[in-house]
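So for the sequence shown, my numbering puts the first residue at 67; every next one is plus one.
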Amino acid sequence: MSQQPRVVVVTGAASGIGHATAAMFVEMGETVFGLDIAPTVPDGVTYVECNVGDRGSVEAAIEVCSAGGRIDVLANVAGVVQFGRFETITEAEWDRVHAVDLKGPFLVMQAALPFIRAATGNIVNVSSVAGRVPQPYTTAYSAAKGGLTMLTRSLALELSPEGIRVNAICPGTVDTPIVAEVFEKLTDDLDTRVADRLMMMLSGTIAPAEIAAAIRYLSSQEAKFVTGAVLAVDGGMG
Ligand SMILES: NC(=O)c1ccc[n+]([C@@H]2O[C@H](COP(=O)([O-])OP(=O)(O)OC[C@H]3O[C@@H](n4cnc5c(N)ncnc54)[C@H](O)[C@@H]3O)[C@@H](O)[C@H]2O)c1
């Protein structure tokens with residue numbers, strides 16, 4: 067645990083990886099705010115209702131989290147998935163995925179930056195294996211996550227003179243509700259020559275807590291020279 071509790075903001079804290087991350091930071095003794103559209107954040111986390119794709123909602127939420135004048139760690143974890151053939155993607159689905167997965171981190175980082183600057187804090191964005199290497203049947207999601215990966219690297223460069231670090235984690239298949247949603251849509255209709263790529267991983271599944279542990283490292287002082295990194299935690303998928 068740090069000498070003084072850090073102020074940690076975790077988006078998507080109501081489920082899966084974000085939930086595990088928020089719980090881990092509470093366990094470490096930090097002051098944790100969980101931003102989500104759903105209220106099911108872990109015990110010890112201050113829930114702040116927030117739609118990350120909406121600027122007004124994000125600004126109101128960050129105002130709550132930054133009441134003490136600083137944010138030490140921002141973990142952008144909230145996300146939604148898209149799965150299906152390219153020609154089936156509606157404009158509404160494209161917009162929904164980009165609003166949460168790409169515009170969301172943009173809005174949250176922009177609103178939080180003055181307070182991250184005040185703490186010389188750092189940011190960890192949860193991208194995806196799909197934001198690092200091509201994946202079939204996830205083109206809207208891959209485009210958004212690829213954007214998030216490059217947003218992370220570019221912002222890391224821009225903020226490096228100030229000592230503010232920005233890193234990304236690209237998980238493979240983690241055992242959360244999002245994955246169940248994808249597997250439900252894996253049908254015989256898909257071409258196995260490329261669909262099998264989604265299965266390329268060490269056997270077993272990644273636990274949400276294992277992604278949280280990577281966030282813990284990247285947000286720690288031990289990683290004080292790590293910025294612009296894109297850390298794959300994917301069992302070799304990428
Ligand atoms: N599970 C995986 O295999 C996997 C793999 C790679 C990347 N990821 C990424 O990890 C992140 C977390 O996913 P997860 O697997 O824990 O999924 P999850 O569905 O368990 O959790 C996602 C959380 O985001 C929240 N959320 C959705 N839309 C939101 C919005 N507009 N505003 C605020 N919160 C919103 C949900 O309410 C939920 O609590 C996502 O960004 C996802 O793309 C997951």
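Positions of the beta carbon are idealized from the N, C-alpha and C atoms, including for glycine.
These figures come from a predicted structure and were not determined experimentally.
Cβ-Cβ distance between residue i and residue j below 7 Å
{"i": "residue 147", "j": "residue 248", "result": "yes"}
{"i": "residue 240", "j": "residue 281", "result": "no"}
{"i": "residue 82", "j": "residue 274", "result": "yes"}
{"i": "residue 198", "j": "residue 304", "result": "yes"}
{"i": "residue 87", "j": "residue 278", "result": "yes"}
{"i": "residue 117", "j": "residue 103", "result": "yes"}
{"i": "residue 164", "j": "residue 210", "result": "yes"}
{"i": "residue 143", "j": "residue 192", "result": "yes"}
{"i": "residue 204", "j": "residue 291", "result": "no"}
Residues near residue i by beta carbon distance below 7 Å, same chain, minus five either side
{"i": "residue 263", "result": "201, 202"}
{"i": "residue 169", "result": "119"}
{"i": "residue 96", "result": "71, 72, 74"}
For residue i, three-class secondary structure by DSSP
{"i": "residue 262", "result": "helix"}
{"i": "residue 310", "result": "This structure cannot settle anything about residue 310, because the visible part of the chain is limited to 67 through 304."}
{"i": "residue 100", "result": "strand"}
{"i": "residue 137", "result": "coil"}
{"i": "residue 165", "result": "helix"}
{"i": "residue 243", "result": "helix"}
{"i": "residue 215", "result": "helix"}
{"i": "residue 231", "result": "strand"}
{"i": "residue 296", "result": "strand"}
{"i": "residue 195", "result": "helix"}
Sequence-distant residues of its chain with Cβ nearer than 8 Å to residue i (five each side left out)
{"i": "residue 92", "result": "98, 108, 109, 110, 111"}
{"i": "residue 242", "result": "81, 82, 83, 274"}
Run of the beta strand (DSSP E) containing residue i, from where it starts to where it stops
{"i": "residue 171", "result": "Where residue 171 is concerned, there is no enclosing beta strand (DSSP E), although the alpha helix (DSSP H) it sits in stretches over 170-185."}
{"i": "residue 76", "result": "73-77"}
{"i": "residue 155", "result": "No beta strand (DSSP E) contains residue 155, which DSSP labels as neither H nor E."}
Close beta carbons around residue i, own chain, < 6 Å, minus the five adjacent residues each side
{"i": "residue 316", "result": "This structure cannot speak to residue 316, because the chain is shown only from 67 to 304."}
{"i": "residue 298", "result": "236, 304"}
{"i": "residue 75", "result": "99, 131, 137, 140"}
{"i": "residue 89", "result": "108"}
{"i": "residue 221", "result": "232"}
Residue i at chain B interface by Cβ criterion, 7 Å
{"i": "residue 97", "result": "Looking at the structure shown, chain B is missing, and only one protein chain is on hand."}
Residue i - containing alpha helix (DSSP H), residue span
{"i": "residue 277", "result": "274-284"}
{"i": "residue 86", "result": "82-93"}
{"i": "residue 124", "result": "121-131"}
Subject >> the region 177-193 / the region 132-152 touching (three or more Cβ pairs under 8 Å) >> reply: With three or more CB-CB distances shorter than 8 Å, the region 177-193 counts as touching the region 132-152.
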